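Peer 1: My structure is below; once you've seen it, I'll send some questions.
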Amino acid sequence: MIYLDCAATSFLKPSCVAQAVFDAMHTIGSDGRGAHGLALAASRVVWRCREQVAELFGLTDPARVCFTSGSTEALNTAILGLFGPKDHVITTALEHNSVLRPLYHSGAELTVLPADEKGQIDLSGLEAARQRNTRAVVCTHVSNVTGEVVDIGRIGAFCREHGLLFILDASQSAGVFDIDMERDGISVLCFTGHKSLLGPQGTGGLCVAEGVSIRPLVVGGSGVHSFSRTHPGEYPTRLEAGTLNAHGLAGLSAALDWLDAQGLEPLRQREQALARRFYQGVCDAPGVKIYGDWSNPDRAAIVALNLEGEDAGAVSDALYEDFGICTRPGAHCAPLMHRALGTEEQGIVRFSFSHFNTESEVDAAVQAVRSLCGA
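Numbering (my numbering), first residue to last: 27 to 401.
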């Protein structure tokens with residue numbers, strides 16, 4: 027099997043991640059739910075993970091790292107906890123439904139910056155999109171369909187200039203690209219642990235800048251202020267009702283240690299080189315259409331393509347059944363992007379690479395695509 031579906035979830039994890047989860051299962055209790063040794067051990071694991079996440083994203087106060095089950099819950103928490111029907115929000119056509127559906131559900135008025143035929147956003151449209159009741163820009167850092175990278179520094183500067191919130195979906199960029207909340211002007215950063223952060227599924231969260239107050243999405247048990255009718259207001263408890271996935275966070279903590287030891291820059295360069303090797307191997311194959319702007323080398327390790335006249339699902343199925351290659355076909359939960367690319371009916375076959383992949387795997391995938399299109 028050749029796994030090229032890393033934008034969905036990282037499959038190969040460092041061995042230390044599984045070991046950390048296993049060890050936690052045997053050594054920790056529930057964070058914040060007792061004064062005995064196992065509970066305190068859980069609290070230490072969780073707090074250390076907060077510190078690691080805060081350091082990774084340039085957040086000063088680790089207490090403002092609030093853990094969730096992943097990006098979807100984090101984005102719902104941020105969007106529904108900040109916006110309502112009287113607000114106006116600017117977003118983009120690159121967005122995943124984990125951004126779009128909470129925005130629709132919030133009732134806020136939306137302006138969507140369109141994507142061109144290459145899946146790129148013209149950020150010069152930000153100023154024209156701003157209205158008197160504009161509260162925020164909410165957008166992804168990296169398109170999960172094509173791998174295009176959004177200039178978050180430019181968006182952050184725009185939001186600072188006009189006193190707007192900047193909510194970033196870092197699902198595809200956390201663990202790949204350098205992100206600094208202070209430098210980039212990010213108010214809330216939402217992330218998941220199971221993609222390029224190399225942690226377990228069921229981990230993730232949101233990092234909340236100073237001065238940003240989010241209404242809780244879920245209230246309930248917190249381990250403190252039990253006689254109050256209202257949920258505690260201090261971070262991180264404010265956004266963490268219920269028992270945290272401390273075992274998963276132990277694995278995420280180990281993954282963050284591993285990434286720190288390796289360095290994000292060399293890992294990103296390797297996976298970008300693998301993606302470009304694949305792109306160069308298939309771009310001239312007959313009937314192959316590749317999406318996105320490949321003139322820009324600074325992109326995520328994603329190659330989105332179609333074979334002329336072939337349904338994306340059928341192509342992806344053939345890649346797995348005939349060649350043992352795992353890809354992701356379809357709409358990728360990004361309907362506006364597919365509308366911009368003209369692939370609503372056909373879908374797209376997405377190849378997404380990791381630094382764990384090898385050149386021989388990439389070359390095998392190239393030969394598989396060329397075989398399917400008769401090259």
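Every residue gets a Cβ at the ideal spot worked out from N, C-alpha and C, and that includes glycine. Computed from a prediction, not measured in an experiment: that's the story for all the values here.
1) What residues are listed by DSSP as bridge partners for L331?
2) Could you pull out every residue in the same chain whose Cβ sits closer than 6 Å to the Cβ of V43, ignoring the five residues on either side in sequence?
3) Give every residue of the same chain whose Cβ lies closer than 7 Å to the Cβ of L333, excluding the five residues on either side of it in the sequence, and list them in chain order.
4) Going by other Cβ atoms of all chains shown within 10 Å of its Cβ, with 16 needed for buried, is L108 buried or exposed?
5) Look up L122 in the DSSP assignment and say whether it is helix, strand or coil.
6) Return the Cβ separation of V164 and A326 in integer angstroms, given the expectation that the two are a contact with Cβ distance under 8 Å.
7) Run through the segment 43-85 for me and flag every whole alpha helix (DSSP H) of 4 or more residues, listed as ranges in chain order.
8) Hey, A119 and A366 are a contact pair by Cβ (cut 8 Å); roughly how many whole angstroms apart?
9) Need the endpoints of the alpha helix (DSSP H) that D210 sits in, please.
10) When you compare each of D319, F349, A344, E387 to R144 by their alpha carbons, which one comes out closest?
11) Using the rule of at least 16 other Cβ atoms within 10 Å of the residue's Cβ for burial, across every protein chain shown, is M407 buried or exposed?
12) Between A34, S36, A65, which has its C-alpha nearest G249's C-alpha?
13) Once the 5 residues before and after T53 are set aside, which same chain residues still bring their CB inside 7 Å of it?
14) Taking the alpha-carbon positions, what's the N383 to K221 distance?
15) Please name the residue in Q306, F217, R209, E99 whose C-alpha comes closest to that of A200.
16) Is the distance from the Cβ of P128 to the Cβ of L101 below 8 Å?
17) Report yes if the C-beta distance between Q146 and N170 is below 8 Å; otherwise report no.
Peer 2: Once the coordinates are examined:
1) Position 305 of the sequence shown, counted from the start, is the residue given in the question as residue 331. In the DSSP output, where bridge partners are listed per residue, L331 has I316, V375.
2) To locate residue 43, count along the sequence shown from 1; it is residue 17. Within the same chain, V43 has close Cβ partners G277, A280, A281.
3) What you label residue 333 is simply residue 307 of the sequence shown in a count that begins at 1. Once the five neighbours on either side are set aside, the close Cβ partners of L333 are G313, V314, V341, L398, C399.
4) Here residue 108 refers to the residue found at position 82 of the sequence shown. L108 is buried by the Cβ-count criterion.
5) For the purposes of this step, residue 122 is taken as the residue at position 96 of the sequence shown. The question names Leu, yet the displayed sequence has His at residue 122. Coil at H122, not helix or strand.
6) The residue you call residue 164 lines up with position 138 of the sequence shown. The residue you call residue 326 lines up with position 300 of the sequence shown. Contact flag wrong, Cβ pair sits at about 19 Å.
7) 63-83
8) Translated into positions along the sequence shown, residue 119 becomes position 93. Translated into positions along the sequence shown, residue 366 becomes position 340. Rounded, the Cβ-Cβ distance is 5 Å, consistent with contact.
9) Working through the sequence shown from its first residue, we reach residue 210 at position 184. 207-210 is the span of the alpha helix (DSSP H), which, as asked, contains D210.
10) Residue 144 sits at position 118 when you count from the first residue of the sequence shown. Checking the displayed sequence, the identity of residue 144 turns out to be Lys instead of Arg. Looking at the Cα atoms, D319 is the closest of the given residues.
11) Lying outside 27 to 401, the shown extent of the chain, residue 407 is not represented and no answer is given.
12) On the sequence shown, residue 249 is found 223 positions in, with the first residue counted as 1. Here the closest residue by C-alpha is A65.
13) Along the sequence shown, read from residue 1 onward, the residue named residue 53 stands at position 27. Closer than 7 Å at Cβ, skipping near neighbours: A67.
14) Counted from its first residue, the sequence shown places residue 383 at position 357. Counted from its first residue, the sequence shown places residue 221 at position 195. N383 and K221: Cα-Cα distance of roughly 15 Å.
15) As a first step, residue 200 must be located in the sequence shown, where it is residue number 174. Nearest of Q306, F217, R209, E99 to A200, Cα basis: F217.
16) The residue given as residue 128 occupies position 102 in the sequence shown. The residue given as residue 101 occupies position 75 in the sequence shown. For P128 and L101, yes; Cβs fall inside 8 Å.
17) As a first step, residue 146 is located in the sequence shown; it is residue number 120 there, counting from the start. As a first step, residue 170 is located in the sequence shown; it is residue number 144 there, counting from the start. No; because the gap between Cβ atoms is not below 8 Å, this pair is not in contact.
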